[in-house]
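Enquirer:
Number of protein chains: 2
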Amino acid sequence: MGAASLLHGGDLAAARRLFPDAPEPFIDLSTGINPHSYPLPQLPSEIFARLPEPTALDRLTAAAAQAYGAPSPAHVVAAPGMQILLPLVAALIPPGRAAVLGPTYSEHVRVAALVGHRAKEVTDIGPLKAADLATIVNPNNPDGRTVGKDLLLALADELRSHGGLLVVDEAFMDVGPAGASLGDEVARGNIIVLRSFGKFFGLAGLRLGFALAPADLAARLNASLGPWPVAGPAIVIGEAALADCSWAEAMRESLGRGAVRLDEILTDAGLEVVGGTSLFRLVQMPAAVELFHHLGRAGILVRHFVQQPTRLRFGLPEREDGWNRLRMALAAFRS
Amino acid sequence: MGAASLLHGGDLAAARRLFPDAPEPFIDLSTGINPHSYPLPQLPSEIFARLPEPTALDRLTAAAAQAYGAPSPAHVVAAPGMQILLPLVAALIPPGRAAVLGPTYSEHVRVAALVGHRAKEVTDIGPLKAADLATIVNPNNPDGRTVGKDLLLALADELRSHGGLLVVDEAFMDVGPAGASLGDEVARGNIIVLRSFGKFFGLAGLRLGFALAPADLAARLNASLGPWPVAGPAIVIGEAALADCSWAEAMRESLGRGAVRLDEILTDAGLEVVGGTSLFRLVQMPAAVELFHHLGRAGILVRHFVQQPTRLRFGLPEREDGWNRLRMALAAFRS
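Below, the structure written as structure tokens:
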């Protein structure tokens, strides 16, 4: 279908190559990144010029510990994006069996194999129990499935009995069920929670992510990342945004309304929404590939999954114009 | 001496704790970072908001290949700072003997040991030949010693005969001798060159660094870093700065004049300058600790080395006021 080059979301240049006659501006609905970014503060030039100071990094990890419910800043690892943490986390235990609850974000299996694990995707939680490295994306991408805290803690207990590590990718937990994060449980010893800053705060270009981990594993991750893991602008913006509870609360409500509106538009067009979070919705349909191309020709990029060919993921449009173009393009597909 | 907490340069908060009565503004001469930063372009908000696109990263690696003389962009790995590359590079070969030509940047030995090597600092180039991982900082930090290209290539040949890897840290090569970089030799197969963007361009807070490597090793490093290794602002600024040859040429001349001026001030004060580059100068003296404290109380932070207690490294002041305060503080120490 030519879309295999669109391995991840967000690649508008590839979309323009695939759909050279599409109207501009191209609308990118292919990611689960909040289109309503946290407002950027003034960034003094010394933030770019000087090496970030340890005390600034300390303030960032303190804000992250508070926002994500970690027991203390000693349980927080700040990194230039969550992605770069994946091989470091997977390498915390010797090569063994890695199991990822899927279908989900494809990088978990790729990276686990890269660091030497025998890695596979499994379709239910049972086979995770025997793994050395068990990974669950919660809420899951792209279907939004959530696994309850009790079930996760029981899984962690079972893993601990044979030295296994549980990794919970909470990249979309900012819009997940209240109280569902495992961030407050990482002192148990074999649980690592991964958090993405850029998705909910709409600042994916900043590259900022976190691991919440037992203190000894957090120290090992920090030792790998070295003394200046996060850029100056990401420290300043991250600290401000993570402490801004009122923005987060209002944004969660706003995104919730956006998701309802998106569901209405999708179902009005005869599509079946089978899951998602309030940052993205998942549609299942036999003609998913055809709709991907139809929307692409209309200048709207959605996410198609090579491994899940009957599914499309829709992010939220940023502006009214985007909502309208999506509604009209879907109507034209239907008719 | 209380300065052990100043493990790396650039930590003004630690300096203020150590010298609470120092006049402000504190002047930071403790790093080798250019105080005259590359002018920041306007950064559109979408650079922060969206995931960096693969084509943007391609443009950055192409600019880096050109600027650093790599055979092609396939030999370039872009990373969020050079530091984060150290463990990835050290882990390219199985745990063995790592030797670092020292005294030098302390992170090389720390990181080599971290990934499992038996790591030690050696004082001449001979013992490097038998190592599995041989690291040379060129020009060296803090003494500015340079190793000639012929010698490095002979060392690489000898290492290759038993599967050894040569890592050349060229963090300060932007102000090194013309033609001394090994960037154009990385296709030989066992040479990796590390480049820092932030030091010469005065943008250390941006976190941007590169490895120049054989194509197969570059691919392995890129696989570890994953699809979005560098932040949007770093891509945009890095691409522009690396392509700006006239800025670089003028800056090299200006820094050279600054280094001459700094030497004059230091020698006028009776100090002996024993090495450096035009981004920093190295002073050797029995009373190095006392001068560190004297300057600290005057609100001037220089770099003292716990492992090299008779040495101080001086960076270039940014403004006339800084030059004057340095000159006066040195005169007061002498009298």
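Chains as they are written, first to last, in our numbering: chain B, 195 to 529; chain L, 195 to 529.
We put the CB at the ideal spot given by N, CA and C, even for glycine.
All of these numbers come straight from a predicted model, not from anything done at the bench.
(1) Where does residue 418 of chain L land, buried or exposed, given buried means 16+ other C-beta within 10 angstroms?
(2) Whole angstroms are fine: how far does the CA of residue 207 of chain L sit from the CA of residue 376 of chain B?
(3) Please list, in chain order, the residues of the segment 261-293 of chain B that have any C-beta partner in chain L closer than 8 angstroms.
(4) One question on the structure: do residue 384 of chain B and residue 360 of chain B come within less than 9 angstroms of each other, judged by their Cβ atoms?
(5) May I have the straight-line CA-CA distance separating residue 492 of chain B from residue 409 of chain L, to the nearest angstrom?
(6) On a Cα-Cα basis, can you pick out the residue from B:305, B:486 and B:373 that is closest to residue 283 of chain B?
(7) Is residue 197 of chain L close to chain B, meaning its C-beta is less than 9 angstroms from at least one C-beta of that chain?
(8) Given a cut-off of 9 angstroms on the beta-carbon distance, is the pair residue 285 of chain B and residue 309 of chain B in contact?
(9) Leaving out five residues on either side along the sequence, give the residues of the same chain with a beta carbon under 8 angstroms from the beta carbon of residue 265 of chain L.
(10) Counting pairs of Cβ atoms below 8 angstroms between the segment 500-511 of chain L and the segment 443-459 of chain L, do you hit three or more?
(11) In its own chain, which residues sit with a C-beta less than 7 angstroms from the C-beta of residue 478 of chain B, not counting the 5 before and 5 after it?
(12) Excluding the 5 residues preceding and the 5 following residue 303 of chain B in the sequence, name in chain order all residues of the same chain whose CB lies nearer than 8 angstroms to its CB.
(13) Take every Cβ of the segment 236-245 of chain B, pair it with every Cβ of the segment 512-527 of chain B, and state whether three or more of those distances are shorter than 8 angstroms.
(14) Using a Cβ cut-off of 8 angstroms, which residues of the segment 360-389 of chain B contact any Cβ in chain L, in chain order?
(15) With residue 255 of chain B as the anchor, note down where its alpha helix (DSSP H) starts and where it stops.
(16) Please tell me whether residue 206 of chain B has its Cβ less than 9 angstroms away from any Cβ of chain L.
(17) Taking Cβ positions, are residue 279 of chain B and residue 319 of chain B nearer each other than 9 angstroms?
(18) As a quick exercise: from L:490, L:500, L:498 and L:501, pick the residue whose alpha carbon is nearest that of residue 523 of chain L.
(19) Between L:474, L:416, L:262 and L:329, which lies nearest to residue 227 of chain L when the distance is taken from Cα to Cα?
(20) Spatial neighbours of residue 354 of chain L within its chain, please: C-beta separation below 7 angstroms, excluding the five flanking residues on both sides.
(21) For a quick check, are the C-beta atoms of residue 435 of chain L and residue 397 of chain L less than 9 angstroms apart?
(22) So that I know if they touch, is there some Cβ in chain L lying closer than 9 angstroms to that of residue 487 of chain B?
(23) List the whole-angstrom C-beta distance separating residue 331 of chain L from residue 351 of chain L, where the pair is believed to meet the contact cut-off of C-beta under 8 angstroms.
(24) For the candidate residues L:416, L:368 and L:211, whose alpha-carbon lies nearest to that of residue 444 of chain L?
(25) In the DSSP output, which residue or residues are listed as bridge partners for residue 498 of chain L?
(26) Tell me whether the beta-carbon of residue 425 of chain B lies closer than 9 angstroms to the beta-carbon of residue 274 of chain B.
(27) Using a Cβ-Cβ cut-off of 9 angstroms, state whether residue 510 of chain B counts as contacting chain L.
(28) Ignoring anything shorter than 3 residues or poking outside the segment 396-424 of chain B, list the beta strand (DSSP E) runs there in chain order.
(29) Please report how far the alpha carbon of residue 441 of chain L lies from the alpha carbon of residue 392 of chain L, in whole angstroms.
(30) Could you tell me which chain B residues have their CB closer than 9 angstroms to the CB of residue 247 of chain L, listed as they occur along the chain?
(31) Which full runs of the alpha helix (DSSP H) of 4+ residues lie inside the segment 275-351 of chain L, going along the chain?
(32) 9 angstroms is my cut-off, CB to CB: does residue 242 of chain B come that close to chain L?
(33) Using the C-alpha atoms, what's the distance from residue 421 of chain B back to residue 254 of chain B?
(34) Under the rule that 16 or more other beta-carbon atoms within 10 Å means buried, what is residue 277 of chain B, buried or exposed?
(35) From the beta carbon of residue 431 of chain B, is the nearest beta carbon of chain L less than 9 angstroms away?
(36) Classify residue 247 of chain B: buried if its beta carbon has 16 or more other beta carbons within 10 angstroms, exposed otherwise.
Expert: Looking at the atomic coordinates:
(1) buried
(2) 34 angstroms
(3) 274, 275, 277, 278, 280 and 281
(4) yes
(5) 39 angstroms
(6) B:305
(7) Since pLDDT at residue 197 of chain L reaches only 46, below the 50 mark, its modelled position is unreliable, and no value is offered.
(8) yes
(9) 259, 378, 380 and 381
(10) yes
(11) 466, 468, 504 and 505
(12) 292, 294, 296, 313, 314 and 315
(13) no
(14) none
(15) 248-262
(16) yes
(17) no
(18) L:490
(19) L:474
(20) 383 and 384
(21) yes
(22) no
(23) Not confirmed; about 20 angstroms, so no contact.
(24) L:368
(25) L:506
(26) yes
(27) no
(28) 403-406
(29) 15 angstroms
(30) 204, 205, 206, 207 and 208
(31) 279-284 and 301-308
(32) yes
(33) 14 angstroms
(34) buried
(35) yes
(36) buried
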